[in-house]
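Just below is one structure, and these are the notes that go with it.
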Amino acid sequence: MAGRQLHLHWVPHLLYVLLMVETMSGASDPSTGTHTSPEFPASYVNQSPVVDCRDVCGLNASDRCDFIRTNPDCHSQGGYLDYLEGIFCHFPPNLLPLAITLHAFWLLYLFLILGVTAEKFFCPNLSAISTMLKLSHNVAGVTFLAFGNGAPDIFSALVAFSDPHTAGLALGALFGAGVLVTTVVAGGISILRPFTAASRPFLRDIIFYMVAVYLTFNTLYFGRVTLAWALGYLGLYVFYVVTVVLCTWVYRWQRGRALVHSMPGTPEMLSDSEEEDRVSSTTNSYDYREEYQPLLLCQETTPQILVRALNPVDYRKWRNKPAYWRVLKVFKLPVEFLLLLTVPLVDPDKEDRNWKRPLNCLHLVISPLVLVLTLQSGAYGVYEIGGLFPIWGMVVIAGTAVASVTFFATSNSKPPKLHWIFAFLGFLTSALWINAAATEVVNILRSLGVVFRLSNTVLGLTLLAWGNSIGDAFSDFTLARQGYPRMAFSACFGGIIFNMLVGVGLGCLLQISRGHPEVKRVGCEERGRRRHLWKTAPEGVSPPDMEKVLERSDGWRFSHFKGT
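In mature numbering (1 follows the signal peptide of the UniProt record, and there is no 0), the protein residues as written are -26 to -1, 1 to 538.
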């Protein structure tokens, strides 16, 4: 009986051998089925073995195109163009540098599209919405306007988190933007206009930013984001907004008491909200002085209004601007014309609120069409109702009917009572334009990472972070040169707090809402992989042997099992 006694300490080794045999058989024979795991979305499980797409450069030139087309790891989850197929299938191997150069120029132009859309259409419509909702400057600044300024970062993060292969791109971009803004931009502001920082707002922003960085570091360390973790990100940002509002209320209460006791305030006690009011009033007065006011008012015809509204060139500015500005404007013209044609713009500061009757009626047809053709890369727009009529056709018919009623019920000189609806329509349309451009940016960066064998995290820390932060850097430098360095310095931290908390929290929450229990990055980094192997390897099994199994399973993580 003693010789037949079962030794339980051999059970983990037996399980390990069975697991290794099953994994190797599944990797070598695709027809045997797919090994499912509760830790990964089912949509990324494929019947064929998944190989890292970056291995394509190690293959023969004749095999690269087939590898790109058949390997699931090389397929993007969104976007209009397949950049990897364009590089390896439509260009011969000797013209690979030309393909990379063209993609790099297209990447720069996409960054230009993001900047123009956010600056001239997305942010103004958000400002109009906050004005119509009668929000205070502080609440609008940390909500709507922060969302407008960080739109490229936010939408890039949302797109990147939608695919586990590019989740590291989003985290790297948010970290890279934070490093760039808090070092280069903040240091540049101090050089351009030295100032004394307001202690309490600066300390508040630093604390919240450190907490956000700590949460993101834990996300990178554990490689996963659960529902509670995503809600914690968004909850922390809500707490940040409440803190800003309370701090502003306390400051105004203290300032009121100081004025009652006739205590003169010092320049160091100038709050961000007060400085913002000064900037707003100064900017508005400057705009009114610059605005051209004709001496004789004449009634323009409807075609004249349409032509003038669609003209993106201000000839008075064109004559006074330097050569480099004109060159950049030439590249912006196609984008600005397309956005003027598709995105309505409301300006509460103007007397007519930017009401252009023929163009706004045209927006009622084109803007909804853009919405359905850019949502999920046009997947919903081409869907046919009952297999007979496409959704985009229904949208065109409904939009034409509404536009016809609006055209005959309004006049050219007076905006209608429901003109505020165009601000929300412009907000949605510009947001989806930004989302479409951000999707292409993420796909191009991932393609360049495949070509140069770079990780998505490195690309996010460098190219994506730099591209999305250029607009913020120029706006902060301009604000500092105008004499408001404290506000520009505060905007550095407030913007990255919003981008990190809302970018990670909302991106992961949207992914979890699609039925995934948690968001994870596909493939572990070397350090995390070895740490996991040491923790999960049973007694007598070396981590290198366990690592071979992990490599054959292509990044799948095993459940914890320990020896007895």
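Beta carbons are placed, not taken as given, at the ideal position from N, Cα and C, and that holds for glycine. These figures come from a predicted structure and were not determined experimentally.
Helix, strand or coil for residue i per DSSP?
i, result
"residue 198", "strand"
"residue 332", "helix"
"residue 436", "helix"
"residue 414", "helix"
"residue 310", "helix"
"residue 50", "coil"
"residue 350", "helix"
"residue 60", "helix"
"residue 3", "Confidence in residue 3 is poor, its pLDDT being 39 and thus under 50, which makes the residue's placement unreliable; the coordinate value appears in the next sentence. DSSP places residue 3 in coil when its eight states are reduced to three."
"residue 171", "coil"
"residue 295", "coil"
"residue 65", "coil"
"residue 30", "helix"
"residue 93", "helix"
"residue 105", "helix"
"residue 342", "helix"
"residue 285", "coil"
"residue 386", "coil"
"residue 505", "Residue confidence is low: residue 505 scores 44 on pLDDT, short of 50, so the model does not pin down where it sits. Its coordinate-derived value is still stated next. Helix at residue 505."
"residue 126", "helix"
"residue 446", "helix"
"residue 275", "coil"
"residue 457", "coil"
"residue 117", "coil"
"residue 322", "coil"
"residue 317", "coil"
"residue 15", "With a pLDDT of 36 at residue 15, under the threshold of 50, the modelled position of that residue is not reliable, and the figure given next carries that caveat. It is coil, neither helix nor strand."
"residue 137", "coil"
"residue 212", "helix"
"residue 429", "coil"
"residue 369", "helix"
"residue 483", "helix"
"residue 535", "With a pLDDT of only 34 at residue 535, under the threshold of 50, the placement of this residue in the model should not be trusted, and no figure is reported."
"residue 489", "coil"
Beta-carbon within less than 6 Å of residue i's beta-carbon, same chain only, minus the 5 sequence neighbours each way: which residues are those?
i, result
"residue 421", "57 and 58"
"residue 244", "No answer about residue 244 holds up, because its pLDDT of 46 lies below 50 and its placement is not dependable."
"residue 133", "412, 413 and 416"
"residue 131", "144, 477 and 481"
"residue 167", "454 and 459"
"residue 210", "475"
"residue 105", "322"
"residue 427", "28"
Is the distance from the Cβ of residue i to the Cβ of residue j below 8 Å?
i, j, result
"residue 275", "residue 351", "no"
"residue 345", "residue 406", "yes"
"residue 47", "residue 26", "yes"
"residue 312", "residue 284", "no"
"residue 482", "residue 135", "yes"
"residue 186", "residue 322", "no"
"residue 403", "residue 331", "no"
"residue 431", "residue 142", "yes"
"residue 233", "residue 190", "no"
"residue 73", "residue 61", "yes"
"residue 327", "residue 389", "yes"
"residue 309", "residue 342", "no"
"residue 492", "residue 199", "yes"
"residue 121", "residue 107", "no"
Could you tell me which residues DSSP puts in a beta bridge with residue i?
i, result
"residue 359", "363"
Quick one: measure Cβ to Cβ for residue i and residue j, integer angstroms, because I've assumed they're closer than 8 Å.
i, j, result
"residue 479", "residue 179", "With 8 Å as the limit, residue 479 and residue 179 do not qualify as a contact, their Cβ atoms being about 18 Å apart."
"residue 400", "residue 317", "5 Å"
"residue 163", "residue 448", "Not quite, the Cβ-Cβ distance comes to about 12 Å (not below 8 Å), so this is no contact."
"residue 208", "residue 475", "7 Å"
"residue 171", "residue 125", "That belief does not hold up - the Cβ atoms of residue 171 and residue 125 are roughly 27 Å apart, past 8 Å."
"residue 319", "residue 98", "6 Å"
"residue 152", "residue 435", "Contact doesn't hold; Cβ gap of about 10 Å is too wide."
"residue 86", "residue 305", "6 Å"
"residue 377", "residue 338", "4 Å"
"residue 473", "residue 127", "4 Å"
"residue 359", "residue 183", "Not a contact, Cβ separation roughly 48 Å."
For residue i, which residues in the same chain have their Cβ closer than 7 Å to its Cβ, ignoring the five residues on either side in sequence?
i, result
"residue 154", "439, 440 and 443"
"residue 129", "408, 409 and 412"
"residue 204", "479, 482, 483 and 486"
"residue 347", "355 and 366"
"residue 501", "Low local confidence applies: a pLDDT of 41 at residue 501 is under 50, so the model's placement there is unreliable, with the coordinate-based value given in what follows. Nothing listed; no residue qualifies."
In its own chain, which residues sit with a C-beta less than 8 Å from the C-beta of residue i, not counting the 5 before and 5 after it?
i, result
"residue 302", "none"
"residue 300", "292"
"residue 580", "Residue 580 lies beyond the residue range present for the chain, which begins at -26 and ends at 538; the question has no answer from this structure."
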